[in-house]
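S.K.: I have a structure I would like to understand better, so I am pasting it below and will then ask my questions one at a time.
Protein chains in written order, with the working numbering: chain X, 1 to 472; chain E, 473 to 944.
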């Protein structure tokens, strides 16, 4: 266990000299407390001793050098939209917020890249590149809020991963400040290389434990064609999950999205939207499918094949959103999901994020429901189902106190994760290990793998000052 | 410098017990010598002391444990089709050939994966999955010869990387035997995860220096639609390279291929094929473009837009290969390239593999020609140009002896690589560092990065027995 030092007034002074007075929060408890938690919830909050907001790579480097020499823990923070507690300053110390480094530095049409600072909001980038006829394909569900830097740190996913892959697939280059203040430049404006060990992919998804990203080069794609969204009710979960691979084989290309929502999820979302969804009485589950096509004819051909595959797999009907309005009304059901759940239960736990092979999704759903029932906890399941990525969300039952609830919720997630791992899966598809999933991570990863991961952490951060208590 | 031990007769006996008599080559110099070099050429050959051909993971593990305990260097070998010398047993010792582990273990349509042993020939896999309506997108130019295991070890590329990415993008899971015989299972039949450090991507492209792959899970895609191939002559290199990003913006999707061949390359290929290529007198360079489409109409629309973009960028004409025969006749010009060069000069050096950002390709081509001219060496350039990946190939001039030629060729590559790095590129896009590019790699990578790479090598292989003298 590392013995850390406290942030002294002298050290706070030095940090203020580095970042400028208005970019440091010290002693103001109220302001500090906004940096004490993330979307995992205030129940897990821990107070930082100081918050610093550097404006450039040089400042980040100086802060890290100082922290490393003085054994002060540093918790990097992007938008704080994560749900695994990765930005909670468990050991106090410094919260290094990248919020002031928020510029899109360049959009280059020849190299087809965007060069950004870490605090660019995902949606801002998406819109800016679209103006140039280009497309950034790496956006999580929190696209309106999340920062690119945080997306890279958690290897964020979203609903388009089946076609485009997690954030990892979109990063071409990274400037990284290491624990000792050293600066690494990895990758670049290039799409291929076999030029030594792949340190860039090691950094991606490392949740602020190996380095701090100060500049990111992202791959851009030509903007995709038109899309159509289908809403497909099924009277049976098994039929729903089995339809998924048949849809892909039928349309002979990757859909943009195949989202799953169970009965409860749709019920609550529709109640929230003050509307009703077709077949709400009969349907046990729904798929939301989005496909694209370069021409109208191809698009029609594709969505018809997708619809036929659903009907062949027992769908009750297929609803087609082929104009913007009807597509949006389908999508809204999925988009309000989290809010809808929070409305009926402000303490609903939203941190489930297991992944299994597509062929094991039905089995994991059944096991998830069984585990929740055993604990007398109501569960709603939404899923990026074509990726095998399930989000089981747990409602606080009346018999459990507010105090005991986080522990029970995590206990249930542990059981679900254990089943996922037995089925060849993992405990997180896009949220990360952070702090909330750390115990189950450490308890289920083979020792040989943990030893290597510890070795790597030790290589990059021998004093364990970077985001201690997360992942490893 | 590690002091290795020799393979004693006792040790050879134990290895024979592990692998079986017919799977060991010992003392037979002629048979041993076939394992002393790869496609980098016999000039770089070094004799192994023993060759072992394990048939399963357990045997690989036992061999490594034995080698590690006895400080015997082990050089893993797949098809030996690499051109960077990564499979040359520099320190003698054991060559561990995976050639007997050559089974396709499973093709799963629901999970859309193939599970293979490392010695499956790339093309064999491509053909097998196509029978199931699926597509393996990771194939290098040596598709008829290379093993999947070698592709993963070198993060192999090919001509379809612009659309599908290097081999890295297609690997979902790896079983790896470590230097001490330990077995790591990374990834799985899953397409997303944020579950600790990304050890799998660290393994991919590590060229046998961190571990030996014994089982590989590969992502499969729905089989693509029809394709059309265009042959486009230009009278000027700059116009050719500048057309590339305009083609992508015009067709609004990623082409399957954009290959570049310069005048000399086309001349030699056409001579080899005993044919002539249109505009051979006037053209300074050619693009070969392949696009796909789900419908005939979309395909036509796409190749017409691609053709128009070429003409707008000064192409002399656009030739369309829209049936199999005409497309094949275009492709043959590219496919015979290496053989055609070897026919006029058996000592032609084929190991150039630099990458730069697309916007810097013209500049690097000019610099490459200038450097070759300076040394009075004739150069032919072929390129996976949309990836910025150039293969400058050097012909042995009469004024240089056979003995001095490899050194001069590498000297020229070093100069070209230095220019590529100055332009934001790297020294290898798909061949790897291996042994041939190691000096320039070590001389140009920043110290901070080399220190981390050495730390990683040391973590996985503290005795430096796995493929010593390669990469780091």
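Ideal Cβ positions, reconstructed from N, Cα and C, are used throughout, including at glycine. Computed from a prediction, not measured in an experiment: that's the story for all the values here.
DSSP has residue 733(E) in a bridge; who is on the other side?
M.R.: The partner list for residue 733(E) (beta bridge, DSSP) reads 758(E) and 854(E).
S.K.: Excluding the five sequence neighbours on either side, which residues of its own chain have a C-beta within less than 6 Å of the C-beta of residue 610(E), listed in chain order?
M.R.: If we look at residue 610(E) and ignore the five residues flanking it on each side, its Cβ neighbours are 639 and 642.
S.K.: Can the beta-carbon of residue 533(E) be found less than 8 Å from the beta-carbon of residue 549(E)?
M.R.: Contact: no.
S.K.: Taking residue 297(X) as the query, report the chain E residues whose CB atoms sit under 9 Å from its CB, ordered along the chain.
M.R.: Those within 9 Å of residue 297(X) in chain E are 767, 769 and 770.
S.K.: With 16 as the cutoff for other CB atoms within 10 Å, does residue 399(X) come out buried or exposed?
M.R.: When all chains shown are included, residue 399(X) counts as exposed.
S.K.: Which class does residue 524(E) belong to by DSSP, given the choice of helix, strand or coil?
M.R.: Of the three classes helix, strand and coil, the one that applies to residue 524(E) here is strand, per DSSP.
S.K.: Can you find a CB in chain E that lies within less than 8 Å of the CB of residue 222(X)?
M.R.: Yes, residue 222(X) counts as interfacial toward chain E.
S.K.: Quick check: what's the CA-CA separation for residue 698(E) versus residue 764(E)?
M.R.: Approximately 6 Å, taken between the alpha carbons.
S.K.: What residues match up with residue 270(X) in a beta bridge as DSSP calls it?
M.R.: According to DSSP, residue 270(X) bridges with nothing at all.
S.K.: Does residue 878(E) come out as helix, strand or coil in the three-state DSSP assignment?
M.R.: Reduced to three states, the DSSP call for residue 878(E) is helix.
S.K.: What three-state label does DSSP hand residue 903(E) in the structure shown?
M.R.: Correct three-state label for residue 903(E): coil.
S.K.: Just to confirm my understanding: we take residue 537(E), look at its own chain, exclude 5 residues before and 5 after, and list those with CB closer than 7 Å. What are they?
M.R.: Only 652 and 653 meet the Cβ criterion.
S.K.: Which value, in whole angstroms, describes the spacing of the CA atoms of residue 539(E) and residue 479(E)?
M.R.: About 9 Å.
S.K.: Pick out whichever of 488(E), 796(E) and 804(E) has its Cα sitting closest to the Cα of residue 431(E).
M.R.: One cannot answer for residue 431(E) here, as it falls past the ends of chain E, which runs 473 to 944.
S.K.: Taking a Cβ distance cut-off of 9 Å, strictly less, list which residues of the stretch 667-696 of chain E are near chain X, in chain order.
M.R.: Hits within the stretch, in order: 667, 668, 669, 670, 671, 672, 673, 674, 675, 676, 677, 678, 679, 681, 682, 693, 694, 695 and 696.
S.K.: Can you find a C-beta in chain E that's less than 8 Å from the C-beta of residue 64(X)?
M.R.: Chain E, which has no Cβ nearer than 8 Å to the Cβ of residue 64(X), makes this no.
S.K.: In three-state terms, what does DSSP make of residue 399(X)?
M.R.: In the structure shown, residue 399(X) sits in coil (DSSP, three-state: anything other than H, G, I, E or B).
S.K.: In whole angstroms, what separates the C-alpha of residue 450(X) from that of residue 441(X)?
M.R.: Distance between the alpha carbons of residue 450(X) and residue 441(X) is about 9 Å.
S.K.: Quick one: Cα of residue 247(X) to Cα of residue 605(E), how far?
M.R.: Spanning the two alpha carbons is a distance of roughly 13 Å.
S.K.: At a CB distance below 7 Å, what residues from the stretch 435-447 of chain X approach chain E? Give them in sequence order.
M.R.: If the cut-off is 7 Å between Cβ atoms, the stretch 435-447 of chain X has 441 and 445 near chain E.
S.K.: Measure the Cβ-Cβ separation of residue 315(X) and residue 250(X) and say whether it is below 8 Å.
M.R.: No, Cβ-Cβ distance for residue 315(X) and residue 250(X) is not below 8 Å.
S.K.: Starting from residue 358(X), find everything on chain E with Cβ-Cβ shorter than 8 Å and list it in chain order.
M.R.: What residue 358(X) touches in chain E: 582, 583, 584 and 661.
S.K.: Under the rule that 16 or more other beta-carbon atoms within 10 Å means buried, what is residue 631(E), buried or exposed?
M.R.: So residue 631(E) counts as buried.
S.K.: On the CB-based measure, 16 or more other CB atoms within 10 Å of its CB, does residue 623(E) come out buried or exposed?
M.R.: Residue 623(E) is buried by the Cβ-count criterion.
S.K.: What first and last residue would you give for the beta strand (DSSP E) that runs through residue 659(E)?
M.R.: Its beta strand (DSSP E) spans residues 655-659.
S.K.: Comparing the C-beta of residue 254(X) with each C-beta of chain E, is any distance below 8 Å?
M.R.: It does; some Cβ of chain E falls within 8 Å.
S.K.: Figure out for me which residue from 819(E), 813(E) and 918(E) has the closest Cα to the Cα of residue 879(E).
M.R.: For residue 879(E), the nearest C-alpha among the options comes from 819(E).
S.K.: Please list the terminal residues of the continuous beta strand (DSSP E) segment that includes residue 576(E).
M.R.: Run containing residue 576(E): 576-580, per the beta strand (DSSP E) assignment.
S.K.: Check distances from the C-beta atoms of the stretch 409-438 of chain X to those of chain E and list, in chain order, the residues that come in under 8 Å.
M.R.: Listed in sequence order: 424, 425, 426, 427, 428, 429, 430, 431, 432 and 433.
S.K.: Where does the unbroken alpha helix (DSSP H) through residue 809(E) begin, and where does it stop?
M.R.: Here the alpha helix (DSSP H) through residue 809(E) covers 809-816.
S.K.: Is there a C-beta anywhere in chain E that falls below 8 Å from the one on residue 351(X)?
M.R.: Not one chain E Cβ lies under 8 Å of residue 351(X).
S.K.: Can you tell me whether residue 275(X) is buried or exposed, with buried defined as 16 or more other CB within 10 angstroms of its CB?
M.R.: Exposed, since its Cβ has fewer than 16 Cβ neighbours within 10 Å.
S.K.: Is residue 861(E) helix, strand or coil by DSSP?
M.R.: Here residue 861(E) sits in strand by DSSP.
S.K.: Which one or two residues does DSSP pair with residue 26(X) in a beta bridge?
M.R.: Paired residue(s): 50(X).
S.K.: Please check the pair residue 829(E) and residue 897(E), which I expect to be a contact at CB under 8 Å, by giving their CB distance rounded to whole angstroms.
M.R.: With a Cβ gap of about 7 Å, residue 829(E) and residue 897(E) count as contacting.
S.K.: Does residue 73(X) pass the burial test, meaning 16 or more other C-beta atoms within 10 Å, or should it be called exposed?
M.R.: Buried: at least 16 other Cβ atoms inside 10 Å.
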